[in-house]
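Novice: Structure incoming, see below.
Number of protein chains: 2
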Amino acid sequence: MNISEIGKFALLDRLNTGFEARQQSTVKAFDDAAVIATSDKQKQICSVILLEGIHFNLVYTPVKHLGYKAVAHAVSKIVAMNALPQQILVAVGVSMRFDVLDVEALYEGIRAACSEYGIDLVENNLTASLTGMTISVTAVGEASADSLCYKSGAKVNDLVCISGSLGAAYMGLQVLERERRIFESNHTQPKLEGYDYILQKQLRPQARLDMLKTFEDNGIKPSSMTNIVDGLASDILHICKQSETGVRLYIEKIPIASETFEVCEEMNFDAVTAALNGGDDFELLFTLPVTEYEAIKSLSGFEIIGYITDASQGAYLITPEGNELKIKAQGWTSVTE
Amino acid sequence: MNISEIGKFALLDRLNTGFEARQQSTVKAFDDAAVIATSDKQKQICSVILLEGIHFNLVYTPVKHLGYKAVAHAVSKIVAMNALPQQILVAVGVSMRFDVLDVEALYEGIRAACSEYGIDLVENNLTASLTGMTISVTAVGEASADSLCYKSGAKVNDLVCISGSLGAAYMGLQVLERERRIFESNHTQPKLEGYDYILQKQLRPQARLDMLKTFEDNGIKPSSMTNIVDGLASDILHICKQSETGVRLYIEKIPIASETFEVCEEMNFDAVTAALNGGDDFELLFTLPVTEYEAIKSLSGFEIIGYITDASQGAYLITPEGNELKIKAQGWTSVTE
């Protein structure tokens, strides 16, 4: 059934089902605004917007995965504040080329993410769109004031850490794009076998909610934190700028999965560049006081990749040979934006 | 300067200036998520998404007005909860056809609305877009639990009230569309003189924040409330559905401005249809217990247009002759969506 046949409100009624209320603080959903109870804690709110043709290509992105990823993206930003995600608000624009089944698949993914992260959908807007699909997700989290981690808290000598491997999401995108081009030129069926890890990181990435537990269980509070969306280079520069510091990152310490190295070799692409500029990994990038080193050195789940310096010393990568390369942010035209 | 030349983060730095912090509860802006202090009150959160070609046409919409209207729209939804708007989050997608000046004009409007409504911008995302402009605004408000007005609170015999005239925004759109067609066919300059009122209602509508003061000053608490976005017909049906009631609305009581009647006559368009289905007026539609009639009958600023009935009696318009017409919602393809 085409979405023009069912009508906006009937479709909304259908899409709004199957979302359980999981959060005590959710007072009212699906009114003009959502109502969220407050406590002695603080609320964190962020939003992400995903546009067809810029942030995703429906030729190779299953719509269900897209719904999941949009939620994971917003949740990831709340997690990057060291806060617990609790609610989301969703607004979707769809052009008339979409079938009701497409829209329902999108919400299946949104539902799966709500279940995975234990959060409530509290507002849902649907709108017509002229040319494609647009997804906007707003996430709300909660934390006590003293547990929050800003980008601005890094101090000289802090250790720079990362919660998982980088560059995989970007290389997953490269494989999907390559197969799309091949298919479009000679209708050869895409070969996606053997790329499971990087495709998973691109199509169904996870917000690192689990890291909050690692921090809590070990009494760790990062001095600053953000999530890798624009790529390690851009995101560490954000921390340096907000914290008014410099940084040294050791290239050989940047975690890159063997699957990512393999596909980089196959596609003649530099793996470090993928890790630095790829983005969309949703891993946490954070800094820890060097005094915590003894407490954390035996912990698994993250890698120490460098240290914070005085601002006057700039932001540099250190090569295995000991050379220093200035860290540069990606420009406007980044593939994953 | 084209936006591709300046770079995303440099442009964001420029756009983020000039927003004063007005709200005590704004703890942190422009981090991964905004941080908002809580109190014994509750938070209300809503979002709106505006897509070029669906919600606005840049041929006749000044970008500055568009920025203002997008904020007014989100603020209007918080006001419809009987809550005070305090913060907004903005995400804008722009294609490479836009100049930096266009984007800056958009934020001039956003800045003007923040100033008008006394609210803080706490997050701002920019993204590339393939084909046009996309604007997403999330608004956050605050209210005590017992002052909130849901759509679901209307009771049998409650009076149905409206805060101002309807249909003007829609007729403003019709005039703009007519002049666009004339211009495109023979390059005749648009004639927009004399349409100030309806054009203002379309291009620079106001959220009715002032009504909250009217309610407070007179000790009034609506039993239910929403704002007119989809048109009176759709919006009263939402209240009836949520409240499990019916309604009777008197056609001759629906407030329609003389300017709206005049342009309807000129364009051979039914003014009541414009009021019922036009949408985008951002006026408040609310219900009051009939016991409040004595207290409110001398108040200006809103009109009583009907009363709530039992659900079994359905939702009907009453003509001046006493005939009953079933109220029907607009479908998916509503012009203003």
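Protein sequence lines correspond, in order, to chains A and R.
Going by the numbering used here, the first sequence opens with residue 1, and the numbers climb by one from there.
Going by the numbering used here, the second sequence opens with residue 1001, and the numbers climb by one from there.
For glycine and all other residues, C-beta sits at the position ideal for the given N, C-alpha and C.
Provide the residue span of the beta strand (DSSP E) that contains residue 235 of chain A, from first to last.
Specialist: Sequence index remark: in the first sequence, residue 235 of chain A carries index 235 (1-based). Premise fails: residue 235 of chain A lies in the alpha helix (DSSP H), 232-243, not in any beta strand (DSSP E).
Novice: What residues in the stretch 219-246 of chain A bring their beta carbon closer than 7 Å to a beta carbon of chain R?
Specialist: Answer set for the stretch 219-246 of chain A: 226, 227.
Novice: Only counting the same chain, and skipping five residues up and downstream in sequence, which positions put a Cβ closer than 7 Å to that of residue 18 of chain A?
Specialist: Looking up residue 18 of chain A in the first sequence gives position 18. For residue 18 of chain A, where only same-chain residues beyond five positions count, the Cβ hits under 7 Å are 111.
Novice: Along the chain, where does the beta strand (DSSP E) containing residue 1138 of chain R start, and where does it finish?
Specialist: Locating residue 1138 of chain R in the second sequence gives position 138, where the first residue counts as 1. Per DSSP, residue 1138 of chain R belongs to the beta strand (DSSP E) from 1134-1143.
Novice: Where in the stretch 271-300 of chain A do unbroken runs of the alpha helix (DSSP H), each at least 4 residues long, occur, reported from the N-terminal end onward?
Specialist: Entirely contained in the stretch 271-300 of chain A, the alpha helix (DSSP H) runs reaching 4 residues are, in chain order, 271-277, 293-296.
Novice: Buried or exposed: which applies to residue 222 of chain A, given that a residue is buried once 16 or more other Cβ atoms fall within 10 Å of its Cβ?
Specialist: Counted from its first residue, the first sequence places residue 222 of chain A at position 222. The residue is buried, with at least 16 neighbouring Cβ atoms inside 10 Å.
Novice: Applying the 10 Å Cβ sphere with the 16-neighbour rule, what's the burial state of residue 1194 of chain R?
Specialist: The residue you call residue 1194 of chain R lines up with position 194 of the second sequence. Flag for residue 1194 of chain R reads exposed.
Novice: Taking all protein chains shown into account, decide if residue 1291 of chain R is buried (16 or more other Cβ within 10 angstroms of its Cβ) or exposed.
Specialist: For the purposes of this step, residue 1291 of chain R is taken as residue 291 along the second sequence, with counting starting at 1. Exposed: under 16 other Cβ atoms inside 10 Å.
Novice: Are at least three pairs of beta-carbons, each pair with one atom in the stretch 229-242 of chain A and one in the stretch 131-143 of chain A, less than 8 Å apart?
Specialist: Contact between the stretch 229-242 of chain A and the stretch 131-143 of chain A is absent, because fewer than three Cβ pairs lie under 8 Å.
Novice: In chain R, which residues lie with their C-beta within 7 Å of the C-beta of residue 127 of chain A?
Specialist: The residue labelled residue 127 of chain A in the question sits at position 127 within the first sequence. Here the neighbours are 1049, 1051, 1054, 1337.
Novice: Identify, in the order they occur along the chain, each residue of the same chain with its Cβ nearer than 6 Å to the Cβ of residue 1249 of chain R, setting aside the five sequence neighbours on each side.
Specialist: Taking the first residue of the second sequence as 1, we reach residue 1249 of chain R at position 249. Closer than 6 Å at the Cβ level, and outside the excluded window around residue 1249 of chain R, lie 1305, 1306, 1317.
Novice: Using the Cα positions of residue 362 of chain A and residue 35 of chain A, report the straight-line distance between them to the nearest angstrom.
Specialist: Residue 362 of chain A lies beyond the stretch modelled for chain A, which goes from 1 to 337, so this question has no answer here.
Novice: Just to make sure I have the definition right: I need the residues of chain R whose C-beta is within less than 9 Å of the C-beta of residue 150 of chain A. Which are they?
Specialist: The sequence position of residue 150 of chain A within the first sequence is 150, counting from 1. Near residue 150 of chain A (Cβ distances below 9 Å), the residues of chain R are 1028, 1031, 1032, 1035.
Novice: Would you call the CB atoms of residue 1129 of chain R and residue 1175 of chain R closer than 8 Å?
Specialist: As a position in the second sequence, residue 1129 of chain R is number 129, starting the count at 1. As a position in the second sequence, residue 1175 of chain R is number 175, starting the count at 1. Not a contact, by the Cβ cut-off of 8 Å.
Novice: Closer than 7 Å, Cβ to any Cβ of chain R: which residues of the stretch 62-82 of chain A, in chain order?
Specialist: Going along the stretch 62-82 of chain A in chain order, one finds 77, 78, 80, 81 with a Cβ nearer than 7 Å to chain R.
Novice: For residue 115 of chain A, which residues from the same chain have a beta carbon less than 8 Å from its beta carbon, with the 5 sequence-adjacent residues on both sides left out?
Specialist: Numbered from its first residue, the first sequence carries residue 115 of chain A at position 115. Taken in chain order, the residues that qualify are 20.
Novice: How would you list, in chain order, the residues of chain A whose beta-carbon sits under 8 Å from the beta-carbon of residue 1041 of chain R?
Specialist: Position 41 of the second sequence, counted from the first residue, corresponds to residue 1041 of chain R. What residue 1041 of chain R touches in chain A: 38.
Novice: Spell out the partners DSSP gives residue 303 of chain A in its beta bridges.
Specialist: On the first sequence, residue 303 of chain A is found 303 positions in, with the first residue counted as 1. DSSP output for residue 303 of chain A lists A:162 as bridge partner(s).
Novice: Which residues share a DSSP beta bridge with residue 1149 of chain R?
Specialist: For the purposes of this step, residue 1149 of chain R is identified with residue 149 of the second sequence, where counting begins at 1. According to DSSP, which records beta bridges pairwise, residue 1149 of chain R is partnered with nothing at all.
Novice: Residue 32 of chain A to residue 162 of chain A, Cα distance in whole Å?
Specialist: Translated into positions along the first sequence, residue 32 of chain A becomes position 32. Translated into positions along the first sequence, residue 162 of chain A becomes position 162. Using only the alpha carbons, I get a separation of about 39 Å.
Novice: How about residue 292 of chain A: is its C-beta nearer than 8 Å to some C-beta of chain R?
Specialist: Locating residue 292 of chain A in the first sequence gives position 292, where the first residue counts as 1. No, residue 292 of chain A does not count as interfacial toward chain R.
Novice: Please report the residue range of the alpha helix (DSSP H) in which residue 192 of chain A lies.
Specialist: The count along the first sequence starts at 1 and reaches residue 192 of chain A at position 192. Per DSSP, residue 192 of chain A belongs to no alpha helix (DSSP H) and is neither H nor E.
Novice: Taking C-beta pairs closer than 9 Å, name the residues in chain R that residue 45 of chain A reaches, listed in chain order.
Specialist: Along the first sequence, read from residue 1 onward, the residue named residue 45 of chain A stands at position 45. What residue 45 of chain A touches in chain R: 1033, 1034, 1035, 1036, 1043, 1045, 1087, 1089, 1122, 1123, 1138, 1140.
Novice: So which residues on chain A does residue 1093 of chain R lean against when the C-beta distance must stay under 9 Å?
Specialist: If you number the second sequence from 1, residue 1093 of chain R lands on position 93. Per Cβ cutoff of 9 Å: 49, 51, 54, 134.
Novice: Give the residues of chain A in contact with residue 1131 of chain R, contact being defined as C-beta atoms less than 8 Å apart.
Specialist: Indexing the second sequence from 1 puts residue 1131 of chain R at position 131. Per Cβ cutoff of 8 Å: 53, 130, 131, 132.
Novice: Evaluate the contact criterion for the stretch 263-282 of chain A versus the stretch 152-171 of chain A: three or more CB pairs, one atom per stretch, below 8 Å.
Specialist: Touching, per the Cβ criterion.
Novice: Rounding to the nearest angstrom, what Cα-Cα distance links residue 1325 of chain R and residue 1229 of chain R in this structure?
Specialist: Your numbering for residue 1325 of chain R matches position 325 in the second sequence. Your numbering for residue 1229 of chain R matches position 229 in the second sequence. Their Cα atoms are separated by approximately 22 Å.
Novice: Where does the unbroken beta strand (DSSP E) through residue 124 of chain A begin, and where does it stop?
Specialist: One-based indexing of the first sequence puts residue 124 of chain A at position 124. Residue 124 of chain A -> beta strand (DSSP E) spans 120-128.
Novice: Please classify residue 1320 of chain R as buried or exposed, where buried requires at least 16 neighbouring CB atoms within 10 angstroms.
Specialist: Looking up residue 1320 of chain R in the second sequence gives position 320. Label assigned to residue 1320 of chain R: exposed.
Novice: In three-state DSSP terms, what is residue 1117 of chain R?
Specialist: Position 117 of the second sequence holds residue 1117 of chain R. Looking at residue 1117 of chain R - three-state DSSP - the assignment turns out to be helix.
Novice: Could I get the ranges of all uninterrupted alpha helix (DSSP H) runs contained in the stretch 38-103 of chain A, with 4 residues as the minimum, in chain order?
Specialist: Whole alpha helix (DSSP H) segments, 4+ residues: 63-79.
Novice: Would you mind sorting residue 1087 of chain R into buried or exposed? The rule is 16 or more other CB atoms within 10 Å of its CB.
Specialist: The residue given as residue 1087 of chain R occupies position 87 in the second sequence. The residue in question, residue 1087 of chain R, is buried, as its Cβ has 16 or more Cβ neighbours within 10 Å.
Novice: Please say whether residue 158 of chain A and residue 260 of chain A have beta carbons closer to each other than 8 Å?
Specialist: As a first step, residue 260 of chain A must be located in the first sequence, where it is residue number 260. As a first step, residue 158 of chain A must be located in the first sequence, where it is residue number 158. No. Outside cutoff.
Novice: So residue 1227 of chain R is in the alpha helix (DSSP H); what residue range does that whole segment cover?
Specialist: For the purposes of this step, residue 1227 of chain R is taken as residue 227 along the second sequence, with counting starting at 1. Run containing residue 1227 of chain R: none in the alpha helix (DSSP H); it sits in the beta strand (DSSP E), 1224-1227.
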